[in-house]
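Chains as they are written, first to last, in the working numbering: chain C, 1 to 96; chain L, 1001 to 1385; chain S, 2001 to 2302.
Worksheet: one structure, shown below.
Structure (structure tokens):
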């Protein structure tokens, strides 16, 4: 029985694989699906093993995944997740 | 708003321009400053280091001018009025941060006690060679204000004005002294605090959720919030939107940069600060600024003794240049004569604004000392013919 | 099976301190800067710092963008000058907690002098230096931190300049807290940042971070993950290690840990103690004249 789970904001994911590699219980894998930018976001392949430790969340450089303990799921105090924001219209340019 | 009593050294003093400048900035409400020693400006910060702690402020001597010129901006965003002081080589190092202050609309004053250059040049002798640098020194395009005092008294009075204008327009203001004015000791009258008008920080009255850091009203100057006030500021030197967020595209550049010019240019009349003496009906007008104006005045008096109709126009605010005034004046005179302690800088603008309507005579001088009044007199005589 | 997990009703806890309208970040896939931001976000929450009175200052570069993703008072300043700007903030409002978050090129090369002197003054700042060993934003030029014979766009035949040992530099200059971690050490980094946030004086944390696009690609790393795995493999925790022994050498163990943790009075404390009665208290004494008949005609020989 899983003690935790993960939530993924797929559109934020850049497919670096940090979460997959450093998950201590090897819960995750990069999926074969694409997000809008063409990256493969992670999904749970061994959901039962998830402890909700959030190490995936600590590693994710794009704030796209986090883990949580299932006992604490959906406490009323936490506001609803927003839609993944559309890519900034800013034209980012090189500096310096 | 009036100056704070505790910061104002009311009385009649016999002090030099550097000291008077320090007192003026204190009176204007600056309690914090950062600097780096450089001749001939050091007396300003030496004085400030002594005075600031007594009014709850401080002076920090930074490791270089690069640091000083941005430390002061940190002080401003923390809610204080601040300035830095330097001379030629240090002023060169500060250029990037003048641009940063212009871009982020950080109100502050840069004091430059000009000396002979380029490079190390003449550290202990006067020049006015940084005038174009004051206008165009930082990269990119921006508009600021430059004031030029010609006496210790004016170093006091005008440094108050400099800080006030910085706060009013949210721009870095250049206070362009020179070695002569800085080291000249004269009588300086410091009025009572209640007679000194001080422009307070233009702080927003909006709550954080309604506040946009770069939203402007009619005068195109945004209102400020400070770090630590709960506004979640985002201040960047990148081209930014009203929130302050980076937005780097031609459209946003067009929205932002012309406004930085316009907030100054639409106040052109207010910023036409000159001292005119006998300009009406004159055949020749000597246009000068800073220490050179005092020499020019001597030449004007000599010319008048010879019966010539000569006027003197002293530019107190050099940037923005009093374009309208010159355009009106040029067709009325035979010649405009401009002595400067440089090889001809502000005269370029004088000539442009004269539009070919009069004879513009440049009297360049490489600096190290002031003009010989007789050289100016000779130019007046030639111009009057 | 390839069903994607959709966002749930939960939010990522770090979003409490992020500017969510700025995400996605500009950082490349596999860049470690965002990873360090997670540790920082948790440290901010754990430290109990008043976020309304906390400012973050960055210089220029990839890591210089951190300030703009954190929901604090954010100042993205000029290249190399984050520390002096932060110094101004702190001095003019000592109530502020001021964090400098920037890159290796920004803090140790163009801004190296400010780093030394802020440490010497023991200015009350936390400085986080993300070290990706390269000038990334500009396209992968060699930095003062580029190790060994690494290839960069300006060292196409391999670098031959010895690299800077940053912890040793700030230790020698007088920093009261010096640590180094890597983007792999997320928990240790969080703990270290929390500890440093609570401490007074000049605190410095170096974090090694992968730069797959501009460092890794030219130096034998397939992606950011490969660099992360190398950190895991080569890192050796040595708390209290003498900083002269922690230089980074290619292929050798990467020494991480808390190297320095000492107490000495910070700048403002020293200033107040030195100034004593000259500070503030004698504000009404007519200073500058040395003449008790202050404010009157002829009062002054100053």
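C-beta atoms are modelled at their ideal positions from N, C-alpha and C, and glycine is treated no differently.
On a predicted model such as this, the values are computed, not experimentally measured, just so you know.
Counterpart residues of residue 5(C) in DSSP-defined beta bridges:
68(C)
Show which residues of chain C have a CB atom less than 8 Å away from the CB atom of residue 2035(S).
18, 58, 59, 60, 61
Along the stretch 2062–2075 of chain S, where does the CB come closer than 9 Å to a CB of chain D? Name the residues.
Here the protein chains are C, L and S, and chain D is not one of them.
Which of the three DSSP states is assigned to residue 2007(S) in this structure?
Bear in mind that the predicted position of residue 2007(S) carries a pLDDT of just 44, short of 50, making it unreliable; the figure below should be weighed with that in mind. Reduced to three states, the DSSP call for residue 2007(S) is coil.
Restricting to runs no shorter than 4 residues, where is the alpha helix (DSSP H) found entirely within the stretch 1168–1219 of chain L?
1179–1183
Partners in chain S for residue 1389(L), counting only beta-carbon separations shorter than 7 Å:
The requested residue 1389(L) does not occur in the structure, where chain L is confined to residues 1001 to 1385.
If you check the beta carbons only, do residue 2091(S) and residue 1060(L) fall under 8 Å apart?
yes
Using the beta-carbon count (16 or more within 10 Å), is residue 2058(S) buried or exposed?
buried
Applying the 10 Å Cβ sphere with the 16-neighbour rule, what's the burial state of residue 1140(L)?
exposed
Please give the ranges of any alpha helix (DSSP H) in the stretch 1240–1320 of chain L, keeping only runs that are unbroken, at least 4 residues long and fully inside the region.
1250–1265, 1291–1305
From which residue to which residue does the beta strand (DSSP E) around residue 36(C) run?
Here residue 36(C) belongs to no beta strand (DSSP E), and DSSP marks it neither H nor E.
In chain order, which continuous runs of the beta strand (DSSP E) of length 3 or greater are located wholly inside the stretch 1319–1371 of chain L?
1335–1339, 1359–1363
So, does the CB of residue 2(C) fall closer than 8 Å to a CB anywhere in chain S?
no
I believe residue 1214(L) touches residue 1222(L) by the beta-carbon criterion, under 8 Å. Please report the beta-carbon distance rounded to the nearest angstrom.
5 Å
Three or more beta-carbon pairs under 8 Å between the stretch 1243–1250 of chain L and the stretch 1122–1142 of chain L, yes or no?
no
Look up residue 1077(L) in the DSSP assignment and say whether it is helix, strand or coil.
helix
Chain S beta carbons: is any one of them nearer than 8 Å to that of residue 21(C)?
yes
Going by C-alpha distance, which of 1080(L), 1084(L), 1069(L), 1340(L) is nearest residue 2077(S)?
1069(L)
Spatially closest choice to residue 1018(L) from 1281(L), 1010(L), 1150(L), 1099(L), by CA coordinates
1150(L)
Would you mind sorting residue 14(C) into buried or exposed? The rule is 16 or more other CB atoms within 10 Å of its CB.
buried
Nearest-angstrom Cα separation, counted from residue 2098(S) out to residue 2177(S):
15 Å
Note the first and the last residue of the continuous beta strand (DSSP E) segment covering residue 1014(L).
1011–1016
Are the beta-carbon atoms belonging to residue 2081(S) and residue 2111(S) less than 8 Å from one another?
yes
Please report the residue range of the beta strand (DSSP E) in which residue 2206(S) lies.
2203–2208
Less than 8 Å between the C-beta atoms of residue 1264(L) and residue 1322(L), yes or no?
no
Three-state secondary structure (DSSP) at residue 1059(L)?
strand
For residue 2015(S), which residues in chain C fall below 8 Å Cβ to Cβ?
63
Any chain S beta carbon closer than 8 Å to residue 36(C):
no
Just reading off the alpha helix (DSSP H) that residue 2267(S) is part of, what are its end residues?
2267–2275
Quick one: which residues of the stretch 2113–2131 of chain S get their C-beta closer than 8 Å to a C-beta of chain C? List them in chain order.
none
Taking 8 Å as the cut-off, does the stretch 1195–1203 of chain L touch the stretch 1161–1168 of chain L (at least 3 CB pairs, one atom from each stretch)?
yes
For the stretch 2097–2108 of chain S, which residues have a beta carbon sitting closer than 8 Å to at least one beta carbon of chain L?
none
Could you round the C-beta distance between residue 2128(S) and residue 2100(S) to whole angstroms and report it? I think they count as a contact, below 8 Å.
7 Å
Using three-state DSSP, classify residue 54(C) as helix, strand or coil.
coil
Segment contact flag, the stretch 1339–1357 of chain L with the stretch 2028–2042 of chain S, C-beta cutoff 8 Å, min 3 pairs:
no
With a threshold of 7 Å, establish whether the CB of residue 2027(S) neighbours any heavy atom of the ligand GDP.
Questions concerning the ligand GDP fall outside what the structure shown contains, since it holds no ligand whatsoever.
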